[in-house]
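S.K.: Residue numbers (this note's numbering): 946 to 1061. We treat Cβ as the ideally placed atom computed from N, Cα and C, and that holds for glycine. Have a look at this one before I ask anything.
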């Protein structure tokens, strides 16, 4: 049996941009992507701590070291610049392996979106 478990988590990133006129996705600084083990086009869930909105979208690479967290397309209507979000991804795995799996969990500096 396979189950879905948390694979990666960016806890407490601050939205730096919201671009409505875009086809969709979330742009994430490539340093943050690497730290959380996200890959480009991976499905993610974005949880907005300021208003409770939950968004399902996919990742695109942002400029390394920029601190960018940008919600694009319709998701831009669910955030405001300055909102603090949690970005999660999940993976399917065998039940027994899931018991010992440890996800990548990153707590960047919320003010700058830089790694601590």
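What does a CB cutoff of less than 7 Å around residue 964 pick up in its chain, not counting 5 residues either side in sequence?
M.R.: So the list reads 1015, 1017 and 1021, once near-sequence residues are dropped.
S.K.: Can you tell me whether residue 1041 is helix, strand or coil according to DSSP?
M.R.: Of the three classes helix, strand and coil, the one that applies to residue 1041 here is helix, per DSSP.
S.K.: Please state the DSSP three-state secondary structure of residue 974.
M.R.: Looking at residue 974 - three-state DSSP - the assignment turns out to be strand.
S.K.: Could you tell me which uninterrupted beta strand (DSSP E) segments, each at least 3 residues in length, are contained entirely in the segment 989–1060, listed from first to last along the chain?
M.R.: The segment 989–1060 contains these whole beta strand (DSSP E) runs: 999–1007, 1014–1017, 1029–1039 and 1049–1051.
S.K.: If you draw a straight line from the C-alpha of residue 1038 to the C-alpha of residue 1046, how long is it?
M.R.: Straight-line Cα distance between these residues: approximately 9 Å.
S.K.: Where residue 992 and residue 971 are concerned, what is the direct C-alpha to C-alpha distance, given to the nearest angstrom?
M.R.: Each residue's Cα considered, the two are about 12 Å apart.
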